[in-house]
Each structure stands twice: as C-alpha cells, then as structure tokens.
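Visitor:
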Amino acid sequence: MSRLLCHHSILALPLTPIRLARLENSVQTFSDRYEAGIARAAKQRNDILSSQLAGDPATASYPPLGPIMQALDVYVPLLVFVRDLFEQSKETIFHETFLFHWTSVMSKRKKPFEMFGWQFEMMNVLQLKAIVYGIAAGVEVENAATDALMEVAVKKAVNHLLQAAGLHVYMKERLLKEFEILPKKRPMELLAPSHDVMKHMYVGEAAGVLLHKAKARDMMAAVKAKLATTAFRSFSSSLDALRQLGSEERDFDPSLRRYIKFSASAYLATALIYLAADWIEKEEKDKATSALQLAYAKVTSLSAYARESAKEKEIVSMDFERRHASIMQMWMAHADRVGRDMCEKKVKKEEEEESIISTLPDVVKLSVNEYILPPSAIKVSKMRKCE
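All residue numbers for the sequence shown refer to the working numbering, where the first residue is 670 and numbers rise by one.
#1: Just tell me which of Pro-1030, Ala-960 and Ile-984 has its CA closest to the CA of Gly-1008.
#2: From Met-784 to Ala-876, what distance separates their C-alpha atoms?
#3: Inspect the beta-carbon positions of Ser-1016 and Ala-975 and report whether they are closer than 8 Å.
#4: Report yes if the CB atom of Leu-963 is closer than 8 Å to the CB atom of His-993, and no otherwise.
#5: Which first and last residues belong to the alpha helix (DSSP H) in which Met-870 is found?
#6: Does Phe-901 come out as helix, strand or coil in the three-state DSSP assignment?
#7: Hey, could you find the ends of the beta strand (DSSP E) Glu-783 is sitting in?
#8: Ordered along the chain, which non-local residues of its own chain (more than five positions away) have a Cβ less than 6 Å from that of Val-631?
#9: Which residue's Cα is closest to the Cα of Ala-957: Glu-820, Ala-945, Tyr-928 and Glu-950?
#10: Does the contact criterion of 3 or more C-beta pairs under 8 Å hold for the stretch 809-828 versus the stretch 844-857?
#11: With a threshold of 16 other CB atoms inside 10 Å of the CB of Lys-1014, please say whether the residue is buried or exposed.
#12: Distance, Cα to Cα, His-1058 vs Tyr-802?
#13: Under 8 Å between the Cβ atoms of Thr-899 and Val-1033?
#14: Please report how far the alpha carbon of Leu-795 lies from the alpha carbon of Leu-937, in whole angstroms.
#15: Just to confirm, are Val-745 and Trp-787 a CB contact at a threshold of 8 Å?
#16: Report the residue from Ala-979, Ala-973, Val-968 and Ser-1036 whose alpha carbon sits nearest the alpha carbon of Ala-1004.
#17: What is the DSSP secondary structure of Ser-1027, counted as helix, strand or coil?
#18: Should His-837 and Lys-868 be called a contact, given that it needs their Cβ atoms to be closer than 8 Å?
#19: Roughly how many whole angstroms lie between the Cα atoms of Ile-737 and Ala-822?
#20: Which residues does DSSP list as the beta-bridge partners of Phe-931?
#21: Answer with buried or exposed for Tyr-871, where buried requires no fewer than 16 other C-beta atoms within 10 angstroms of its C-beta.
#22: Between the Cα of Leu-734 and the Cα atoms of Val-774, Ser-773, Ala-799 and Leu-768, which residue gives the shortest distance?
#23: Name the two residues that bound the continuous alpha helix (DSSP H) containing Leu-963.
#24: Suppose you measure from the CA of Asn-694 to the CA of Arg-714; what does that come to, to the nearest Å?
#25: Is the separation between the beta-carbon of Leu-748 and that of Glu-790 shorter than 8 Å?
#26: Quick one, are the C-beta atoms of Ser-773 and Pro-856 less than 8 Å apart?
#27: What number of angstroms, rounded off, separates the C-alpha of Glu-917 from the C-alpha of Leu-859?
#28: So which of Lys-777, Gln-998, Leu-1042 and Glu-952 has the shortest CA-CA distance to Ser-863?
#29: For the alpha helix (DSSP H) containing Phe-769, name the first residue and the last one.
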C-alpha cells in the first residue's frame, strides 16, 4: 500500500504530495548472540509500520505523526547498533540475510525495491523522517487559530521544513557515500540530484509558510514579493536538480515532478503580482503592467497542471485548482487598477520575460546548514542499552 500525502488546508498552504514509504519486512534474527538487539530493532520497525497504517488510505488522511516520529527516534540508534554488528560480523549468513524492502518515494515505480545492507534501510528511514517533518509543518500552520498561535506555528513549521531539507543534505553528502555498489534497478533515492530536488523543495515550502504569515498580517507588498520570490527561486532550483538527472528524470515520480513545476509557476506569478502592486503604489504603471502580463501567462498555465493532476485522479488536484483560482483572483484585482486589457497581452520575447524576472527582489536567506546532521550522527559504535 502506498498513500498520497497532501495538505488540504483552508489556509491554502500546500504540502508536498508524496507517497509514504512502507516498511515491508522486519529485520531477521539469526544468531543468539545478536538476538536481543535485533529483536528490539525488528519490534521498533514494526511499530513504525503500525503507526503509518493508522491513517485512512481512502481519504489520504494523515496517520498520527507523534507515534511515527517517536518510533523513528528510537529505531535510528537501534539500526546503528545492527549496522555495527553487520560490519563487525564475519558470519556469511549475516551478510546474506540483511535484506530490506521499501516503497520508493521519488521513483515512478511503486513496487517495493529490495537491497542488502543497513545503508538502504537508513536512507529510507531518514527520508521517512523528512516526510513526517514536512507533514507536521503543514499541520502546525493549519491548526493556528489566533495571531499569537500563528507566530509560534510559523516558527515551528519553518524549523520542521528546514530540518527535512537538512536530512536530504546529509543523505546526499554522507549516506550515499556508504554505498559501495549501486544496482541497475535502483530507486531515485540513490541518485545525488534527487536529494537536491527534495532539499530545494522543502526550502521553498518554508518560504511559502513565511509568505502565508505575511498575507495573514497584511504586510507590505514588497515584503510579500520578496518571500514569494524566495519560494520561486527554491522551486526553480529543485527543477534544475531534476534536469541534472538526465535521462533518469523520466523515472522520477510524475506527481511529485508536477507539484514542483506547478509550485515554481505559482510562486513566480505571485511574486510578480506583489511586485506589480508595489510599483502601482509607486505610480510606475508601465513596470506594473509588464509584471502583470508575465504573471497572467504563468497563472493561466496553472490550469493545465490542475487538469493533468485531475486526470491522474490525484487528491492534490483540488489544491491545484484552489491555488489557481486564488492567484487568478489576486491578479484580476491588481490588473483592474492599471487596465486588464493591457495586462492580458502576451510578453513578446523570451528576452523580455527574463528582463521582467530579473526585476524581482533578492531572496530571503533560509539556510539549512544548522539543520544538517553532523558526520558523527550515524557513526555510533556502541549501543549498551540494547542488551
């Protein structure tokens, strides 16, 4: 079973539509010497599976996030313990039976992949942790009913999303290097650019959370333009990372790829609309009109993503439609101030389009460096409490 997770929020704050990886098997116990520690790891692994299955796959409702995160926090050091046994063992049977099965989050193929070794297991466990952080971020903001709660929720949500991004940096820069041989039939998680895709996507989501707060507080158009630009640049970097996959991009999950493309266009349109609003206030009508012309092209392109998503019967298609309608309504409100007929005209040349985009403000710096696990994080050599 795979579940499509997306954020259905009355606040129109989207969350990444990704499939929750399923744990298929538990670690096998095969030696009395290792039985206690491995039995604990196997139990904890099954607890994670039980926590995941608590949601409703028919409605893609969230399973309780607390039990999953708690189970992961306990399981990671147990897996390190098992890893150490694996590396220290000279028993052939150990190496031959250390096999894990996972459903890939990033791959188009949704049949489980299976691989030997703790590295594959740790990669998927950390990715699952990143997914839970992402979902938790959306839940935090959605449940904030007052301004005071919103302030706290936004801080927590941004923190969660940057933690998710940091995990993907760790997986790319540290964990991937632990793989000695990569099989031909491999999930996208084993390709370095895939983790850049996810990292930039989560940073873009963090900027989107800050933009949501700016809208709720009716901040200046220039501030909102800056935050929307930050989200746009991050999702654009995610698309650049997708292209770095080369021919293997076709194996990347199409719904996730579509979400990233939609978000890049949506945030660009939003940034241009707020930029135009700022220019209108400064009585620079020509600049505002140019920005709104390009924004119109980007807004109208969003409907194609919504239709394609609906055709694939993705629940996130409803969110696409809501976001499209919301941005179009915002565009019309500002276009009417300078003349909608003029704003509906096409931008004539690609060079002109790039020229307009170049007028977007500088981005807000959202660094993930402090959220990256240290090199020693998955290097524990002793697990005394596993006895």
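Using N, Cα and C, we set each Cβ at its ideal position, and we do this for glycine too.
Guide: Let me spell this out:
#1: By 1-based counting over the sequence shown, the position of residue 1008 is 339. The residue with the shortest Cα to Cα distance from Gly-1008 is Ala-960.
#2: By 1-based counting over the sequence shown, the position of residue 784 is 115. By 1-based counting over the sequence shown, the position of residue 876 is 207. Roughly 36 Å separates the two Cα atoms.
#3: The sequence position of residue 1016 within the sequence shown is 347, counting from 1. The sequence position of residue 975 within the sequence shown is 306, counting from 1. The sequence as given places Val at residue 1016; Ser does not occur at that position. No, the pair does not count as a contact, with Cβ atoms beyond the cut-off.
#4: Numbered from its first residue, the sequence shown carries residue 963 at position 294. Numbered from its first residue, the sequence shown carries residue 993 at position 324. His-993 is positioned such that its CB atom lies no closer than 8 Å to that of Leu-963.
#5: Within the sequence shown, residue 870 is the residue found at index 201, counting from 1. Counting along the chain, the unbroken alpha helix (DSSP H) around Met-870 starts and ends at 861-885.
#6: In the sequence shown, the residue the question calls residue 901 occupies position 232. Three-state result, Phe-901: helix.
#7: Counting from 1 along the sequence shown, the entry for residue 783 is found at position 114. Under the DSSP assignment, Glu-783 falls in the beta strand (DSSP E) whose first and last residues are 782-785.
#8: Any property of residue 631 remains undetermined from this structure, which presents the chain solely from 670 to 1056.
#9: In the sequence shown, counting from the first residue as 1, residue 957 sits at position 288. The candidate whose alpha carbon is nearest that of Ala-957 is Ala-945.
#10: Taking a contact to require three or more Cβ pairs closer than 8 Å, the stretch 809-828 and the stretch 844-857 do not qualify as touching.
#11: As a position in the sequence shown, residue 1014 is number 345, starting the count at 1. Lys-1014 should be labelled exposed.
#12: Nothing in the structure corresponds to residue 1058, since the chain is present only between 670 and 1056.
#13: Here the question's residue 899 lines up with position 230 in the sequence shown. Here the question's residue 1033 lines up with position 364 in the sequence shown. In contact: Thr-899 and Val-1033 (Cβ atoms closer than 8 Å).
#14: Taking the sequence shown and counting its residues from 1, the one referred to as residue 795 is at position 126. Taking the sequence shown and counting its residues from 1, the one referred to as residue 937 is at position 268. Taking the straight line joining both Cα atoms gives about 31 Å.
#15: Taking the first residue of the sequence shown as position 1, residue 745 is located at position 76. Taking the first residue of the sequence shown as position 1, residue 787 is located at position 118. Going by C-beta atoms, Val-745 is not nearer than 8 Å to Trp-787.
#16: By one-based count along the sequence shown, residue 1004 stands at place 335. Distance check between Ala-1004 and each of Ala-979, Ala-973, Val-968 and Ser-1036 places Val-968 closest, using alpha-carbon atoms only.
#17: Numbered from its first residue, the sequence shown carries residue 1027 at position 358. Here DSSP, grouped into helix, strand and coil, assigns Ser-1027 to coil.
#18: Taking the sequence shown and counting its residues from 1, the one referred to as residue 837 is at position 168. Taking the sequence shown and counting its residues from 1, the one referred to as residue 868 is at position 199. Going by C-beta atoms, His-837 is nearer than 8 Å to Lys-868.
#19: Locating residue 737 in the sequence shown gives position 68, where the first residue counts as 1. Locating residue 822 in the sequence shown gives position 153, where the first residue counts as 1. Rounded to the nearest angstrom, the two C-alpha atoms are 20 Å apart.
#20: For the purposes of this step, residue 931 is taken as residue 262 along the sequence shown, with counting starting at 1. According to DSSP, which records beta bridges pairwise, Phe-931 is partnered with nothing at all.
#21: Mapped onto the sequence shown, residue 871 falls at position 202. Its Cβ being crowded by 16 or more others within 10 Å, Tyr-871 is buried.
#22: Taking the first residue of the sequence shown as position 1, residue 734 is located at position 65. Comparing Cα positions, the closest option is Ala-799.
#23: Counting from one through the sequence shown, the residue named residue 963 turns up at place 294. In the DSSP assignment, Leu-963 falls within the unbroken alpha helix (DSSP H) covering 954-980.
#24: Translated into the one-based positions of the sequence shown, residue 694 becomes position 25. Translated into the one-based positions of the sequence shown, residue 714 becomes position 45. For Asn-694, the pLDDT reaches just 47, beneath the cut-off of 50, and the residue's location in the model is therefore unreliable, although a value from the coordinates is still provided. Looking at the two C-alpha atoms, the distance is approximately 9 Å.
#25: The count along the sequence shown starts at 1 and reaches residue 748 at position 79. The count along the sequence shown starts at 1 and reaches residue 790 at position 121. A contact, by the Cβ cut-off of 8 Å.
#26: Here the question's residue 773 lines up with position 104 in the sequence shown. Here the question's residue 856 lines up with position 187 in the sequence shown. Taking 8 Å as the Cβ cut-off, Ser-773 and Pro-856 qualify as a contacting pair.
#27: Numbered from 1 along the sequence shown, position 248 holds the residue referred to as residue 917. Numbered from 1 along the sequence shown, position 190 holds the residue referred to as residue 859. Just so you know, the alpha carbons of Glu-917 and Leu-859 end up roughly 12 Å apart.
#28: As a working note, residue 863 is residue 194 in the sequence shown. Here the closest residue by C-alpha is Lys-777.
#29: Reading the sequence shown from its first residue, position 100 is the one you call residue 769. No alpha helix (DSSP H) holds Phe-769; the beta strand (DSSP E) holding it covers 768-771.
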